[in-house]
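S.K.: Keeping their order, the protein sequence lines are chains A and B.
For what it's worth, the UniProt record's numbering labels the leading residue of the first sequence as 1, then goes sequentially.
For what it's worth, the UniProt record's numbering labels the leading residue of the second sequence as 1, then goes sequentially.
The following block contains the structure, expressed as structure tokens.
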Amino acid sequence: MTLESILPPERALFGVPGGSKKRVLEFFSTFIAQNTPSLDSQEVFSRLVGRERLGSTGIGHGVAIPHARNPHCKSPLAGFLKLSEPVDFDAIDGEPVDLVFVLLVPEQADDAHLALLGQVAAVMNDPSTRQQLRKSETQRQLYDTLLDAIRRHASEDRSG
Amino acid sequence: MDSINTLFLLSGFLIALSILASRLSTLFGLPLLVIFLGLGMLAGEEGVLGIKFDDYSLAFLIGHLALAMILLDGGLRTRLKTFRVGFKPALSLATLGVFITSGVVGLIAMWVFDLTLIQGLLVGAIVGSTDAAAVFSMLGGQGINLNERVGATLEIESGTNDPMAIFLTLTLVEVLVGDLRGVTGTLMFLLSQFGLGLAIGLGAGWCIARLLRWLDLAPGLYSLLALALGFFVFGATSWLGGSGFLAIYLTGLMIGNQPGRHLDFILPVHDGLAWLSQIGLFLVLGLLVNPSEVFEFALPSLMVALALIFLARPLAVLIAIKPFFKFRWREVGFISWVGLRGAVPIVLAIFPVIGGVANASLYFNVAFAVVLLSLLIQGGSLPFMARWMKVEVPATITPNRRGPLGVLPENDYEMFVYKVEDQALNDVPIRLLRFPSGALISAMFRQHVMLHPKGSTRLREGDVVCVIGRTDDLPALNRLFNGDAKLDRARAFFGTFTLQGDALMSDVAEAYGLTLSPGEQEMTLGEYVSLRVGGHPVVGDDVDWHGFHWVVSEMRGNQITRVGLRLYY
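So, in structure tokens, the structure goes:
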């Protein structure tokens with residue numbers, strides 16, 4: 001299972017209205033419930049918010065990686081949101097967040113899911129990737145940049 | 001008149017040269033104290049300047065003065081809150097540890113030098129204690145940020161283990177010159193050294209701390225009064241039969257932990273005094289020694305030093321710490337390695353000379369060689385070992401300057417000055433900063449011009465920001481002004497995600513699908529990690545559990561407030 005396979009083009013969203021942390025998570029929950037019929041938006045939302053309550057998933061540099069388990073999720077799925085306005089996310093460095101990578105995994109957690117989470121963190125850890133994502137002007141460009149970064153990281157992982 | 005002029009000329013020249021040479025330490029990583037010692041030797045009889053100095057009683061006096069000042073300063077700088085994790089292990093090392101080290105080194109010295117048992121043990125006793133000056137300056141000077149458990153243990157150990165070594169040395173000297181007290185007398189002597197040192201040091205220290213805070217003096221007089229009273233405590237304790245060294249360290253500790261504006265006047269002066277003491281002491285000891293005599297014992301001394309470093313110290317640390325306290329193996333390893341010897345053994349080695357023990361020069365030269373080797377081998381490799389043994393925690397940004405406002409005597413507000421170095425803060429309006437609620441930005445400087453900060457003012461790299469807040473706000477402020485590079489280093493260490501220490505374990509388990517035993521459901525994450533670490537957690541402690549490294553990333557007192565989640569992948 002690769003990161004690439006769980007992030008189809010239609011789940012990379014460009015110019016998502018910000019507002020607040022809660023609004024962003026709400027937006028994603030509604031979107032993913034429409035995109036994946038087995039999911040219930042209210043449940044996705046409450047799980048994501050529940051995870052945020054333990055400590056923000058804002059990992060610094062304007063990036064957040066909200067993640068949660070979901071009983072109606074059969075295999076892991078990911079979504080990416082580029083916000084039009086940065087929002088306050090209680091991030092570790094206090095900076096407002098404009099790049100949001102969401103990860104939903106099935107109830108049966110296993111090491112593969114943690115590996116996915118680690119991959120997301122590693123991809124978003126690269127300063128030039130963040131810069132390119134912020135500079136992209138269309139949805140297409142955003143997705144291509146993201147995919148590039150994911151592949152680059154995956155090949156580095158294999159070779160390293 | 002001539003001799004006075006010579007004294008001025010030489011002491012001024014040597015001290016100035018030592019200070020300038022201290023730059024070499026940062027350039028080549030040579031331990032600072034070795035440089036001072038080396039300069040002393042260069043200036044001495046067999047060196048370049050050829051100064052003849054063999055006044056052991058004067059060196060003895062200077063040694064006591066300098067050690068007292070260094071210990072006072074060490075106490076002033078030791079935070080009482082580090083006693084939470086460091087006190088008990090340090091005390092065990094300072095008593096049992098010194099005893100074991102001395103014994104093992106003594107047996108080896110007996111065999112190497114073909115001495116009697118008592119003579120061998122005297123060698124062991126002389127080199128038995130770690131040196132406060134060496135440890136404080138090495139730890140502070142190299143920019144090594146040790147985890148609190150290790151740092152506190154080493155610091156407190158070095159401040160409190162001299163009495164044991166002094167006691168052993170004095171007792172053995174008395175035995176050698178045939179001046180016995182008997183077993184009860186000896187035990188009473190030990191008890192009074194520690195008991196009186198502890199009681200008078202803490203009691204008098206508490207009173208002096210109160211007095212200093214209450215008195216209204218000219219700024220320059222606070223440090224002088226602290227020094228004078230510290231010396232008084234030292235003298236009074238020794239006169240009554242206690243350990244003056246222990247007492248003056250504890251006095252410093254009490255003064256340094258009584259917050260108030262007097263500390264701002266005392267600390268900088270004592271910093272300078274401690275430096276002067278170290279330089280003066282090591283210069284004098286370097287002058288006193290004849291390198292050729294040390295060289296005569298070079299090979300056997302090397303064996304004793306190696307035995308101390310690789311056998312006696314590790315054994316002592318293992319026995320004194322591992323059974324009683326929850327230290328990790330690498331922490332035990334690092335503490336074993338940092339058994340730095342310094343001035344104390346050389347000063348102690350003057351005891352046999354003054355006490356009139358036969359063959360006294362042997363003790364002095366061996367002690368000198370052991371100290372030199374310990375400083376070179378252990379001191380020189382300190383930064384490397386700290387990294388290798390993984391006992392470092394990433395340093396966070398601290399304010400460039402800080403100082404109390406002096407408005408409220410109790411729980412005062414402080415002014416913290418930060419420089420904006422984080423690129424990400426560039427162009428961020430002040431109102432968007434995640435500021436602790438009790439703190440505020442009072443002024444801002446850009447290119448030497450003061451600005452009036454408003455919510456809409458945008459920060460720029462290079463701005464200097466003055467924040468008024470309380471000590472409790474520091475972690476949040478430091479996080480806010482942390483630069484990118486530091487943030488990344490911290491994230492690699494503490495993990496990508498950070499959880500609140502007060503999050504309930506049942507919720508954490510729910511989020512990550514972890515299995516808990518019934519008792520663990522009600523705990524908070526902080527309590528759980530604390531339990532797994534074995535009590536008294538420190539920042540940097542980690543636990544492996546369910547495919548994560550759970551790393552303690554922030555503490556308040558004995559409570560874990562943040563836990564990092566480091567993934568293996």
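Every residue, glycine too, gets a C-beta built ideally from N, C-alpha and C.
Note that the structure is predicted; figures quoted are calculated from it, not measured.
Would you kindly work out how many angstroms separate the C-alpha atoms of B/E157 and B/T561, rounded to a whole number?
M.R.: Put simply, the backbone Cα of B/E157 is about 28 Å away from that of B/T561.
S.K.: Per DSSP, A/L103 is paired with what?
M.R.: A/H67, A/A78
S.K.: Please list the residues of the stretch 31-54 of chain A that have a C-beta atom closer than 9 Å to any C-beta atom in chain B, keeping them in chain order.
M.R.: R47, G50, R51, R53, L54
S.K.: Are the C-beta atoms of B/N558 and some chain A residue less than 7 Å apart?
M.R.: no
S.K.: Take B/H262 and list the residues in its own chain whose beta-carbon comes closer than 7 Å to its own, dropping the five residues that flank it on each side.
M.R.: L212, R213, Y222
S.K.: Rounded to the nearest angstrom, what separates A/K82 and B/V551 at their Cα positions?
M.R.: 30 Å
S.K.: Can you look up B/M389 in the DSSP assignment and give me helix, strand or coil?
M.R.: It is coil, neither helix nor strand.
S.K.: Beta-carbon of A/G160 versus every beta-carbon of chain B: anything under 7 Å?
M.R.: Below a pLDDT of 50, predicted positions are generally treated as unreliable, and A/G160, at 45, falls in that range; the measurement from the model is reported next regardless. It does not; no Cβ of chain B falls within 7 Å.
S.K.: Taking A/L13 as part of the beta strand (DSSP E), name the residues at either end of that continuous run.
M.R.: That run of the beta strand (DSSP E) goes 12-16.
S.K.: Name the chain A residues whose beta carbon is nearer than 8 Å to that of B/D507?
M.R.: Simply G50, R53, L54.
S.K.: So that I know if they touch, is there some Cβ in chain A lying closer than 7 Å to that of B/G241?
M.R.: No, B/G241 does not count as interfacial toward chain A.
S.K.: Using 7 Å as the limit for Cβ to Cβ distance, is A/L114 near chain B?
M.R.: yes
S.K.: Measuring alpha carbon to alpha carbon, tell me which residue in A/K21, A/R11, A/F89, A/P17 is nearest A/Q34.
M.R.: A/R11
S.K.: Spell out the partners DSSP gives B/P429 in its beta bridges.
M.R.: DSSP output for B/P429 lists B/R458 as bridge partner(s).
S.K.: Can you pull the chain A residues whose beta carbon is under 7 Å from the beta carbon of residue 571 of chain B, in chain order?
M.R.: What is shown of chain B runs 1 to 569, which leaves residue 571 of chain B out entirely.
S.K.: Expressed to the nearest angstrom, what Euclidean distance is found between the alpha-carbon atoms of B/V112 and B/V304?
M.R.: 8 Å
S.K.: Can you find a C-beta in chain B that's less than 7 Å from the C-beta of A/G79?
M.R.: No, its Cβ sits nowhere closer than 7 Å to a Cβ of chain B.
S.K.: Please list, in chain order, all residues of the same chain as B/F399 whose beta carbon is under 7 Å from its beta carbon, the five residues on each side excluded.
M.R.: First, the amino acid is wrong: residue 399 of chain B is Pro here, not Phe. Excluding residues within five positions, the ones whose Cβ falls inside 7 Å are F416, V417, Y418.
S.K.: What in chain A is Cβ-close to B/N482, meaning under 8 Å?
M.R.: What B/N482 touches in chain A: D93.
S.K.: Would you be able to state if there are at least three C-beta pairs under 8 Å between the stretch 195-215 of chain B and the stretch 251-259 of chain B?
M.R.: yes
S.K.: Do B/I279 and B/F60 come within 7 Å of each other at the CB atom, strictly closer than that value?
M.R.: no
S.K.: Considering only DSSP beta bridges, list what B/M450 is partnered with.
M.R.: Beta bridge pairing from DSSP links B/M450 with B/F445.
S.K.: Does the Cβ of B/V183 have 16 or more other Cβ atoms within 10 Å, making it buried, or fewer, making it exposed?
M.R.: exposed
S.K.: Leaving out five residues before and five after B/I126 in sequence, what residues of the same chain have Cβ atoms less than 7 Å from its Cβ?
M.R.: Here B/I126 has T169, P345, L348, A349, Y363, A367 as same chain residues with Cβ atoms under 7 Å from its own Cβ, once five neighbours each way along the sequence are excluded.
S.K.: Taking the Cβ atom as the reference point for each residue, do B/F334 and B/V150 lie within a distance shorter than 7 Å?
M.R.: yes
S.K.: For B/P300 and B/G38, what's the separation of their Cα atoms in angstroms?
M.R.: 21 Å
S.K.: Indicate the three-state DSSP secondary structure (helix, strand or coil) for A/Q131 in the structure shown.
M.R.: helix
S.K.: Could you tell me how far apart the beta carbons of A/L77 and A/T36 are, in whole angstroms, since I believe they sit closer than 8 Å?
M.R.: Between A/T36 and A/L77 the Cβ distance is about 7 Å, and since that is below 8 Å, they are a contact.
S.K.: Check whether the Cβ of A/G15 lies closer than 7 Å to any Cβ atom in chain B.
M.R.: no
S.K.: Measure from the C-beta of B/L567 to each C-beta in chain A and report whether the shortest distance is under 7 Å.
M.R.: Yes, its Cβ sits closer than 7 Å to a Cβ of chain A.
S.K.: Return the chain-ordered list of same chain residues with a C-beta closer than 6 Å to the C-beta of A/S29, the five sequence neighbours on each side being excluded.
M.R.: S41, V44, F45
S.K.: Does the CB of B/A503 have a neighbour CB from chain A at under 7 Å?
M.R.: yes
S.K.: Using a beta-carbon distance below 7 Å, is A/D111 in contact with chain B?
M.R.: Yes, because at least one Cβ of chain B sits closer than 7 Å to the Cβ of A/D111.
S.K.: Taking the straight line between their C-alpha atoms, what separation do you get for B/F384 and A/P17?
M.R.: 50 Å
S.K.: Could you tell me the alpha carbon to alpha carbon distance between B/F167 and B/I321, rounded to whole angstroms?
M.R.: 22 Å
S.K.: Kindly indicate which residue of B/I266, B/I118, B/I430 has the alpha-carbon position closest to the one of B/L107.
M.R.: B/I118
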